[in-house]
Amino acid sequence: MTAGHFTRDDTNFYKGVAILMIAIHNYFHARQGFHIENEMTFSPDNIRQFWGHITSLNLDDTVAAWFSLLGHYGVQLFIFFSAYGLSIQYARHQGSDFAFVGHRLKKIYFLMLFGIVVALIFTYAPFNDRPGVLWVTRDTLLLGSTLNAFSRAHIYGLFKGPFWFFGLIIQVYVLFPWIYRYATSGGRRTMALGFAIAYAALYAGYYLGLGTSINVMGSVIGHAPEVLLGIALARYGVPKLSSLHALPLAALFIASQIWEWAYVLSFACVTLLLIWIAESIKPHLNDTAKRTLIYTGKISMIIFVVNACVRDLRYFDSHTLAMLPIYLPVLGIASIVLWKIYEFLTAHLKI
Numbered sequence: 042m043t044a045g046h047f048t049r050d051d052t053n054f055y056k057g058v059a060i061l062m063i064a065i066h067n068y069f070h071a072r073q074g075f076h077i078e079n080e081m082t083f084s085p086d087n088i089r090q091f092w093g094h095i096t097s098l099n100l101d102d103t104v105a106a107w108f109s110l111l112g113h114y115g116v117q118l119f120i121f122f123s124a125y126g127l128s129i130q131y132a133r134h135q136g137s138d139f140a141f142v143g144h145r146l147k148k149i150y151f152l153m154l155f156g157i158v159v160a161l162i163f164t165y166a167p168f169n170d171r172p173g174v175l176w177v178t179r180d181t182l183l184l185g186s187t188l189n190a191f192s193r194a195h196i197y198g199l200f201k202g203p204f205w206f207f208g209l210i211i212q213v214y215v216l217f218p219w220i221y222r223y224a225t226s227g228g229r230r231t232m233a234l235g236f237a238i239a240y241a242a243l244y245a246g247y248y249l250g251l252g253t254s255i256n257v258m259g260s261v262i263g264h265a266p267e268v269l270l271g272i273a274l275a276r277y278g279v280p281k282l283s284s285l286h287a288l289p290l291a292a293l294f295i296a297s298q299i300w301e302w303a304y305v306l307s308f309a310c311v312t313l314l315l316i317w318i319a320e321s322i323k324p325h326l327n328d329t330a331k332r333t334l335i336y337t338g339k340i341s342m343i344i345f346v347v348n349a350c351v352r353d354l355r356y357f358d359s360h361t362l363a364m365l366p367i368y369l370p371v372l373g374i375a376s377i378v379l380w381k382i383y384e385f386l387t388a389h390l391k392i
C-alpha cells in the first residue's frame, strides 16, 4: 500500500487471501454438520455448533469449523476491492456510463458462461447425475438476470460454490455509476448519508424478507455498505488501521454471530478486520509467499468458478484436513490450466 491507496499488487494480494478463504470454506462446509455460516441467513445455532466443534479437541473438526464459519467472508474482500477498483477507473473514465458498464458486463457474462461450461463438464460429465437441459437453462437465466440474488430458494441453484456472486456483481456493475456519482456528489456528508440509506434499505429488506421467499442478502442491497466502503476509501484514502480500531470491530463482529440485529453489520465490519489482519501479517511473509498470493489473486475468478467442481470430485468426498494438502494443489493446477484457456479465448474473441 502506497500513500494511502492500494496498488494493483495489493489488490491481487488481498484477492489471493480472499479466494483461499473461500475455497477452503467451500471444501470444509461440504461436510455433514458444518453448514454453520451466517451468510445468506442468520441462525444463533451456528455459533453454538461452531463452539461444539472447536471444544471437541479434534484438530480436523476445529480447523473445519473455523473455515466453515468464517471462510465465506472472503467474498466481502472481493466486493470491497471491486468497488475500490471501479471507483478509480470511473474517476478516470472519459466515455459514457453505457460504455463503462457495457465493457464490464461483457467480461463478467463471458466469465460466467465459461464457468458454467466448466462446471457442467467438470462436475457432471464423468458421472450419472447429469442435470436436465431445462434445469441448466433455468438456473443460467436466473443467474444471468440476477433474479437468483433475491430468491431464497434459488440463490445457490444448480451451479455449486460461489456462483451466486455473479448475480451480485452484475448488479454492482449496472448500478455503479449512479451509486458513485451520488456518494461523491457532496463530500463526506453525502457519503455518510449514503451509508445511512444503505443500512436502512438493508435492515428493511432483510427483516421484511424473513418468512418469505425473498432474501436480499445475495443482492446489491445486501452488500451496498461494502460497495460504499470501497468508494469511500478510493475517494478519501485508506486509513492506517490499528488495534484500537480492530478491538471494537472484533467486538461488533462477535456480536453479529450471536444476535440477529448485529448480523447485517457483520459484512462491512469484517471487511475492515480482514484488511487489518492481512496488513499485519503481510510484512512477515517472504517474497515467495507474497508472489504466490498475488498470482493467486490474479487468477482468483477462475478459482472462484472451479473450486466447487474440484471439491465435489469423489476423490475428495471425505473433506478431511488430511486431504486438504492434496485438494489445494489439484485446485491450483486446474485453475492455472483453465486461466490459460480463458486468457486465450478472451484475447482471440476480443472480450
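Residue numbers in the sequence shown follow our numbering, run continuously in steps of one, and reach 392 at the last position. Where is the CB? At the ideal position from N, CA and C, for every residue including glycine.
Three-state secondary structure (DSSP) at I367? helix
Just the Cα atoms here: how many angstroms apart are Q117 and I88? 20 Å
Cα-Cα, which of R230, L175, G271 and N53 is closest to F217? G271
Can you check DSSP and say which residues form a bridge with S192? I255
Check each candidate in L372, Y125 and I63 and name the one with the smallest Cα separation from E80. I63
Relative to the C-alpha of L188, which residue among A245, S123 and I262 is closest? I262
First and last residue of the alpha helix (DSSP H) that includes Q130? G115 to R133
Considering just the uninterrupted stretch of the alpha helix (DSSP H) at W317, what are its terminal residues? S307 to I322
Whole-angstrom Cβ separation of N256 and F191, contact assumed at under 8 Å? 7 Å
Work out the CA separation of L274 and I343 for me, nearest whole Å. 27 Å
In or out: N169 buried (at least 16 other Cβ within 10 Å) or exposed? At N169 the pLDDT is 45, less than 50, meaning the model places this residue with poor confidence and gives no usable figure here.
Should F54 go down as buried or exposed, given a rule of 16 or more other Cβ atoms within 10 Å for buried? buried
Mind checking T52: buried by the 16 CB within 10 Å criterion, or exposed? buried
Grouping DSSP H, G and I as helix and E and B as strand, with all else coil, what is I77? coil
Can you tell me whether S341 is helix, strand or coil according to DSSP? helix
Compute the Euclidean distance between the alpha carbons of A124 and Y223, then round it to the nearest angstrom. 14 Å
Spatial neighbours of T387 within its chain, please: CB distance less than 8 Å, with the 5 preceding and 5 following residues excluded, ordered by chain position. K148 and F151
Residue range of the unbroken alpha helix (DSSP H) whose run includes R145: D138 to A160
Round the Cβ separation of D101 and L379 to the nearest angstrom and send it over; I've been treating them as touching at under 8 Å. That pair is no contact at about 29 Å.
Proximity to L161 [Cα-Cα], best of D180, L146 and R145: D180
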